[in-house]
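Listed in order, the protein sequences are those of chains A and L.
Residue numbers for the first sequence follow the numbering used here, beginning at 595 and rising by one.
Residue numbers for the second sequence follow the numbering used here, beginning at 595 and rising by one.
The beta-carbon is built from N, C-alpha and C at its ideal position, and this holds for glycine as well.
Note that the coordinates shown come from a computational prediction; the quantities given were computed from them, not determined experimentally.
Comments concern the structure below.
Number of protein chains: 2
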Amino acid sequence: MDAIKVLGEYKKRIDSALGDFFDKKINEAEAIDSSAVEIMKNLKDFNLRGGKRIRPALMIHGYKCFSDADDKKDKDLIRFSLAAELMEGFFLIHDDVLDQDELRRGGPTFHAIYRERFNDSHFGEGVAIVAGDMQNSLANEIIAEAGSVELLKQYHKTALRTEYGWLIESMLTKKPIDEVTEEDVMKVNMYKTSAYTIEGPLIMGATLAGAGEKNIKILSDFAIPLGQAFQIQDDILGMFGDEKKLGKPVGSDIREGKVTLLIVKALEKASEEDKKELLSALGKKDITIEEIERLRKIINDCSSLDYSKRMAEEMIEKAKKALENADFRKEGKDFLEGIADFLINREY
Amino acid sequence: MDAIKVLGEYKKRIDSALGDFFDKKINEAEAIDSSAVEIMKNLKDFNLRGGKRIRPALMIHGYKCFSDADDKKDKDLIRFSLAAELMEGFFLIHDDVLDQDELRRGGPTFHAIYRERFNDSHFGEGVAIVAGDMQNSLANEIIAEAGSVELLKQYHKTALRTEYGWLIESMLTKKPIDEVTEEDVMKVNMYKTSAYTIEGPLIMGATLAGAGEKNIKILSDFAIPLGQAFQIQDDILGMFGDEKKLGKPVGSDIREGKVTLLIVKALEKASEEDKKELLSALGKKDITIEEIERLRKIINDCSSLDYSKRMAEEMIEKAKKALENADFRKEGKDFLEGIADFLINREY
């Protein structure tokens with residue numbers, strides 16, 4: 595099975611369902627206020643502007659690991675999978691405020707849109723807080739439509755785990771950088787990334803198919819290392835990737851002073867001089883591309899890049915191993931294996 | 595029936611349930627991270643520090659309008675009513691970031707707690723965004739426990755309405771102040787205050803008792819004007835009330851440049867000179883108590899205060915009228931009538 599092709603096909607259908615969903619919301623907003631119409635239009639654009647739709651596709655295949663879906667059910671599943679996509683948008687909008695990011699999916703972040711319009715930075719952040727909360731409400735509207743209390747439980751379990759991950763990550767920025775450990779970073783990756791990127795969506799889908807505890811456990815054992823690998827790969831791309839393909843600026847983790855596995859390992863392994871350079875660059879808002887080039891060389895030379903790549907590969911292996919003896923439907927299992935390979939080989 | 599006495603009795607039981615709920619969460623957080631334990635402790639304190647528990651009490655009595663509750667059911671109801679209280683905390687935490695408020699329920703706002711600790715204003719706001727999102731997740735945990743998809747629908751319908759109200763209110767701050775109309779203000783009051791203070795909690799409770807469409811409509815007809823009256827009264831207290839009883843500084847609406855009915859009417863009715871003074875005071879962060887005294891006199895002299903009081907009274911009458919022919923259980927109906935009187939006569 596070509597998981598990428600399947601992902602691409604689902605992306606089209608999910609995008610179309612997402613567009614329909616927001617068109618209805620825009621319509622409803624007409625009766626409320628012009629500002630309500632405007633924010634729904636902006637949310638529609640923000641949601642449709644990009645995104646690989648990995649989360650809803652995982653939700654759909656979490657279902658397909660346990661149950662077949664005829665055409666009618668398949669259509670419903672696509673609709674319900676919007677819960678995972680809307681959740682992603684909710685987190686991105688709030689996360690971008692926390693990180694003070696400017697670019698997302700090749701366009702301005704949500705707070706930047708409203709800040710620019712009124713030349714008021716606090717105002718932009720305020721509207722983004724509300725907009726993120728709205729996305730969360732919309733995701734829950736979909737869950738209510740699906741009519742499953744079990745799905746509701748899994749959604750908010752995922753949300754709370756992600757929120758804990760966020761918090762732990764935020765608090766790490768207040769710890770002296772060279773005291774942050776690999777364990778700290780992997781904990782953030784597990785709570786934040788694994789939860790809402792892989793584990794939550796998969797289990798949400800599996801729940802809809804009525805999967806039992808034993809199978810849910812297998813999905814977690816697959817999802818947690820995969821999410822950690824995904825995050826490590828994300829950090830590598832964010833430092834070494836192609837800005838155009840990524841849709842966001844390279845080196846933003848450095849600018850934000852975010853401590854990734856790449857950085858922790860480099861601080862551990864680099865020479866004293868390089869370590870100093872790295873420390874002074876972290877959190878530097880006006881870092882130049884030349885300085886980023888220097889950091890890349892440091893991270894590469896001390897073999898932190900290799901270490902991170904190897905760690906990501908090991909995690910992928912661990913994830914795949916969790917699936918080995920799983921008695922899942924072939925359509926679902928093949929997709930999970932394919933997506934694991936994709937996530938480690940992607941360039942965007 | 596003495597609704598205030600009933601409210602007081604329920605407050606005790608709700609506070610105790612709220613404390614138990616957070617103690618369990620603090621316990622769970624032990625397995626996650628020390629920062630997780632800390633935020634749950636801070637949330638417990640924030641939730642228990644004050645609050646009249648009007649929303650959960652309304653939820654409970656929304657139920658009691660339609661169904662009797664034995665001791666077991668009553669205990670469950672108190673537990674489920676935490677959804678309304680946790681939602682309130684979610685909104686307060688985010689709202690305080692939007693409004694840059696410093697005091698809440700006689701203590702520092704959530705963002706102020708973390709800002710002060712690290713002397714970092716953006717960091718404090720970031721943690722408050724996450725903390726508000728957490729409260730929302732916790733509220734939904736309770737809803738999942740109640741096991742009602744209908745309750746889920748009503749919760750998020752209420753949340754979305756409140757979020758729209760927030761947005762409309764935020765956008766109003768960008769409109770030239772003397773172009774803001776009474777209609778604008780009443781729309782904010784309806785979407786923001788009525789929805790999550792009165793209408794949402796009541797309907798959430800009624801839904802759990804299986805109330806039908808006709809009765810839900812009566813509750814809305816009661817709740818919307820009551821919420822509007824509540825907000826007008828809140829604005830009056832915020833301007834003319836006693837800081838100690840309120841637990842927040844007097845005149846904060848002025849400092850934030852918030853356009854309340856009091857202000858809209860004063861701008862319409864005051865002399866040109868007074869109008870100028872009012873306009874120049876709005877949004878003034880360092881306004882003195884003497885200046886606030888002057889504004890009080892202006893608002894009083896031009897009869898805007900009387901107008902607002904009368905409007906609130908009319909709204910209360912309208913609310914009560916909606917109940918007149920309602921075939922509700924006496925216990926529920928009496929409480930609704932009593933609470934309507936309380937809300938208009940309160941001093942805090």
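Asked, Found
"With a cut-off of 8 Å on the beta carbons, I'd call Gln729(L) and Gly683(L) a contact; round off their distance for me.", "5 Å"
"Give the DSSP-derived three-state secondary structure of Gly832(A) in the structure shown.", "helix"
"Quick one: what does DSSP say Arg755(A) is sitting in, helix, strand or coil?", "helix"
"Pull up the DSSP beta-bridge partners for Gly726(L), would you.", "Paired residues: none, contrary to the question."
"When you compare the CB positions of Arg607(A) and Gly645(A), do they come within less than 9 Å of one another, or not?", "no"
"Keeping to the same chain, check which residues put their C-beta closer than 7 Å to that of Lys879(A); ignore five residues upstream and five downstream.", "Arg849"
"Could you check the C-alpha separation between Ala864(L) and Phe816(L) for me, to the nearest Å?", "33 Å"
"Tell me which residue opens and which closes the alpha helix (DSSP H) that Thr801(A) is part of.", "794-802"
"Residues in its own chain within less than 7 Å of Gly851(A) by CB, not counting five upstream and five downstream?", "Thr767, Leu876, Gly877"
"Go to Ile881(A), then tell me how far its alpha helix (DSSP H) extends in each direction, as first and last residue.", "Premise fails: Ile881(A) is in no alpha helix (DSSP H) and is neither H nor E."
"Within 10 angstroms of its Cβ, does Pro770(A) collect 16 or more other Cβ (buried), or is it exposed?", "exposed"
"Nearest-angstrom Cα distance between Glu907(L) and Asp829(L)?", "14 Å"
"Taking the continuous alpha helix (DSSP H) assigned at Gly926(A), which residues delimit it?", "924-939"
"Rounded to whole angstroms, what is the Cα-Cα separation between Thr854(L) and Thr775(L)?", "10 Å"
"What do you reckon, are the CB atoms on Ala677(A) and Met798(A) nearer than 9 Å?", "yes"
"Hey, is Asp943(L)'s beta-carbon within less than 9 Å of any beta-carbon in chain A?", "Only positions 595 to 942 of chain L appear in the structure, and residue 943(L) is not among them; the question remains open."
"If you reduce the DSSP assignment to three classes, tell me which class Gly718(L) lands in.", "helix"
"Buried or exposed for Ser628(A), please, with buried defined as at least 16 other CB atoms from any protein chain shown within 10 angstroms of its CB.", "exposed"
"Quick check: Glu793(A) and Gly821(A), are their CB atoms within less than 9 Å of each other?", "yes"
"Are the CB atoms of Lys870(L) and Leu732(L) within a distance shorter than 9 Å?", "no"
"My assumption, with CB atoms under 8 Å, is that Pro795(A) sits in contact with Met909(A). Please give the rounded CB distance.", "Incorrect: roughly 18 Å between the Cβ atoms, too far for contact."
"Which residues in chain A sit within 7 Å of Met681(L), going by Cβ to Cβ distance?", "In chain order: nothing, as chain A lies at least about 11 Å away."
"Kindly say whether Asp772(L), judged by its beta-carbon, lies nearer than 9 Å to any beta-carbon of chain A.", "no"
"Ignore the nearest five residues each way along the sequence and tell me which others in Ile881(L)'s own chain have a CB closer than 8 Å to its CB.", "Gly845, Ile848, Arg849, Ala875"
"Give the straight-line distance between the Cα atoms of Leu889(L) and Arg643(L), rounded to the nearest whole angstrom.", "31 Å"
"Cβ closer than 8 Å: which chain A residues qualify as neighbours of Glu757(L)?", "Val724, Asp727, Met728, Ser731"
"Along chain D, which residues have their Cβ under 7 Å away from the Cβ of Val743(L)?", "This model lacks chain D altogether; the protein chains it does include are A and L."
"So which of Ile672(L), Ala663(L), Cys659(L) has the shortest CA-CA distance to Asp614(L)?", "Ile672(L)"
"Please name the residue, chosen from Pro819(L), Lys859(L), Lys891(L), that lies closest to Lys781(L) on a Cα-to-Cα basis.", "Pro819(L)"
"With a CB to CB cut of under 6 Å and the five nearest residues on each side skipped, what residues in its chain are close to Asp693(L)?", "Glu850"
"For Thr756(L) and Arg649(L), which I take to be in contact (beta-carbon distance under 8 Å), what is that distance rounded to the nearest angstrom?", "Rounded, the Cβ-Cβ distance is 12 Å, inconsistent with contact."
"For Ala934(A), which residues of its own chain have a beta-carbon under 7 Å away from its beta-carbon, when the five flanking residues on both sides are left out?", "Leu820, Ile910, Ala913, Lys914"
"Please report the distance separating the alpha-carbon of Glu884(A) from that of Lys838(A).", "18 Å"
"Restricting to Cα atoms, I'd like to know which of Ile810(L), Val724(L), Ser788(L), Ala920(L) is closest to Ile826(L).", "Ser788(L)"
"Please work out which residues of its chain come closer than 6 Å, Cβ to Cβ, to Leu937(A), disregarding the five sequence neighbours upstream and downstream, and give them in chain order.", "Phe824"
"Between which residues of its own chain and Glu719(A) is the CB-CB distance below 7 Å, once the five residues before and five after are set aside?", "Val691, His705"
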